[in-house]
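Scroll down for the structure; my scribbles are underneath it.
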Amino acid sequence: SVSGYVGVWRSSLKQLIIRTGAQQANSLTKKCTHLISFAGNTQKHVKALEWGVQVVNHLWLHDSIMTWSWESETGYLAECGKEVLDKNVWTKLKPEDVQQRGVVLDHSLIPRGKLAIGGGEREPRPM
Numbered sequence: 000s001v002s003g004y005v006g007v008w009r010s011s012l013k014q015l016i017i018r019t020g021a022q023q024a025n026s027l028t029k030k031c032t033h034l035i036s037f038a039g040n041t042q043k044h045v046k047a048l049e050w051g052v053q054v055v056n057h058l059w060l061h062d063s064i065m066t067w068s069w070e071s072e073t074g075y076l077a078e079c080g081k082e083v084l085d086k087n088v089w090t091k092l093k094p095e096d097v098q099q100r101g102v103v104l105d106h107s108l109i110p111r112g113k114l115a116i117g118g119g120e121r122e123p124r125p126m
C-alpha cells in the first residue's frame, strides 16, 4: 500500500508495484506486507507498525527494481519519503555493493539540484 504520496508520485509508485508482479492494495490491511510511506507518524503508518507491516520509503521500491531483487528493508525503515526527498537522496545503493550483481550505477546521472516539496501537493519540483 502507498501512503501520503499524491499526484504523479502516487500513480507512478502504484504502477511500479504492479509491474514488479506484486499486488497494490488501495487500503492498508493486515494482509499487506509493505507500506510505502511519505510521512511518518500518520495514522496509517502507526497502524502498519502495530500490525507488523514493513514501513519503508519509496527508495526501497526503486532500488529493488534497479537490482531486480527485493532489497532488505533495513536501510529503508528509518526515514519516510519526505525526509529522503528533503535530503535529495535518490538511492541507498552504492556502486561497489551492487557491482557483483551486474547492476551499474552511474551517480553522475542523478540530479544534483535541491528539491522542494511544493504547496500541499508534496510533489517534488526542481528549484
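Quick note, the sequence shown lines up with residues 0 to 126 if you use my numbering. C-beta atoms are modelled at their ideal positions from N, C-alpha and C, and glycine is treated no differently.
Inset, instruction - Kindly give me the distance between the Cβ atoms of Q53 and E72, rounded to whole angstroms, as I take these residues to be in contact under 8 Å. - result: 5 Å
Legend entry - Bounding residues of the alpha helix (DSSP H) (the contiguous stretch that carries L60): H57 to T66
Inset, instruction - Could you check what DSSP says for S36 in three-state terms: helix, strand or coil? - result: strand
Inset, instruction - Assuming I64 and T32 form a contact by the criterion Cβ under 8 Å, report the distance between their Cβ atoms to the nearest whole angstrom. - result: The pair is not a contact, with the Cβ atoms about 16 Å apart (cut-off 8 Å).
Inset, instruction - For Q53, write down the residues that DSSP places opposite it in a beta bridge. - result: H33
Inset, instruction - Would you identify the three-state DSSP class for P123, choosing helix, strand or coil? - result: Its pLDDT being 39, under 50, P123 is placed unreliably in this model, and the coordinates cannot settle the point.
Legend entry - beta-carbon V1 near the ligand ADP non-hydrogen atom, thresh 8 Å: Absence of the ligand ADP from the depicted structure is noted, as is the absence of any ligand whatsoever, leaving it without description.
Legend entry - Cβ neighbour criterion (16 or more within 10 Å) applied to A77: exposed
Legend entry - G112 in three-state terms, based on DSSP: Interpretation of G112 is limited by its pLDDT of 43, a score under 50 that renders its predicted location unreliable; the figure taken from the coordinates is listed afterwards. Residue state, collapsed to three classes: coil.
Legend entry - Option in W59, W69, Q98 and S68 with minimal Cα separation from W89: W59
Inset, instruction - Could you check what DSSP says for V7 in three-state terms: helix, strand or coil? - result: helix
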